[in-house]
Amino acid sequence: MNDKQLVALQAAKYVKSGMLIGLGTGSTANYFIAELARLQRDEGLKVTTVASSTISGQNAQSLNLPIVALEHISSIDLYVDGADEITPEKTLLKGRGSDLVKEKLLAKAAKQFIAVADASKLVSHIGQNFVIPIEVIPFAWQLAKASLEDIGGVGDLRPNAANDGFWITSHGSYVLDMKFDKNLDASALNSLINNTPGVVEHGIFYQLADIVLIADNGAVSELSAY
Ligand code: 5RP
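Start counting the sequence shown at 14; every next residue gets the next number (this note's numbering).
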């Protein structure tokens, strides 16, 4: 069993029958979805799920997990999702893909959000290994980019896979992939980007994760913030 699977199985121990559970997106989240389906099939677990992406929803549907649409919920019991970066203070960077709008809505709506990752995701500061994905309204991209440059951002629109246009997220936004001064802490950066007109959402998940589980060479531990 690899570390991503191991940590996902650990997160599944927090699941109880009757819960409404948010499904994250990515390979680690997929292991969690598979475990939910196994618990439903083999151990009579009864849960309802809500997906952060079309791909996770399809995955859950193919495994016969009951799903409700995001628009019909106002809170959920538990959200389990992976991350691209995790700081010691439990700030996450997410959204390498296209689904961070729904991911952040579910992270915020959850009574408990458990982030799950292998140890390769641990960083000392947000933006250490990845650019920060910032979803912007397509017609506002130049204005948003100029505002982000004013606060020290450097970057550009993410190209599409064929490199002949721009990446469009599942929400219909463009993505500005930006780097910022590493001395700008996550709290400040989170507020500055939140206050930028034209920004729909961004990949910094600040003070949203309640529990961070990390698997490292076959052992899972809970990250304790300093
Ligand atoms: C998608 C995400 C993923 O959770 C993140 O990219 C981690 O993916 P993986 O579990 O495949 O390493 O934020 O938007």
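For glycine and all other residues, C-beta sits at the position ideal for the given N, C-alpha and C.
Only a predicted model underlies this, so the values are computations on that prediction, with no experimental measurement involved.
| request: Return the residue from the list L91, L119, D112 that minimises the CA-CA distance to I181. | output: D112
| query | Of all the options S234, A222, G57, which has the alpha carbon lying nearest to the alpha carbon of G37? | reply | A222
| query | Should G231 be labelled buried (16 or more other beta-carbon atoms within 10 Å of its own) or exposed? | reply | exposed
| query | Does DSSP classify A159 as helix, strand or coil? | reply | helix
| message | Any heavy atom of the ligand 5RP inside 8 Å of the beta-carbon of R171? | response | no
| How would you label N173, buried or exposed, when you count the other beta carbons within 10 angstroms and need 16 or more for buried? | exposed
| said: Which residue marks the beginning of the beta strand (DSSP E) containing T62, and which one marks its end? | reply: 61 to 64
| request: For D112, verify whether its CB is less than 8 Å away from any heavy atom of the ligand 5RP. | output: yes
| request: With distances taken Cα to Cα, identify the nearest neighbour of F126 among E235, I224, Y219, S75. | output: I224
| Where A228 sits in the DSSP three-state scheme | strand
| said: the ligand 5RP and A25: does the residue's C-beta get closer than 8 Å to at least one heavy atom of that ligand? | reply: no
| With respect to 8 Å, is the separation between the Cβ of A157 and the closest non-hydrogen atom of the ligand 5RP below this value? | no
| query | In this structure, does DSSP put G95 in helix, strand or coil? | reply | coil
| field | Nearest-angstrom Cβ-Cβ length linking L161 and I147, presumed shorter than 8 Å | value | 7 Å
| request: Alpha carbon to alpha carbon, how far is D131 from V20? Give it in angstroms, no decimals. | output: 7 Å
| said: For A123, report the span of its beta strand (DSSP E) as first-last. | reply: 123 to 131
| query | Given 8 Å as the limit, is there contact between the segment 154 to 170 and the segment 36 to 51, that is, 3 or more CB pairs closer than that? | reply | no
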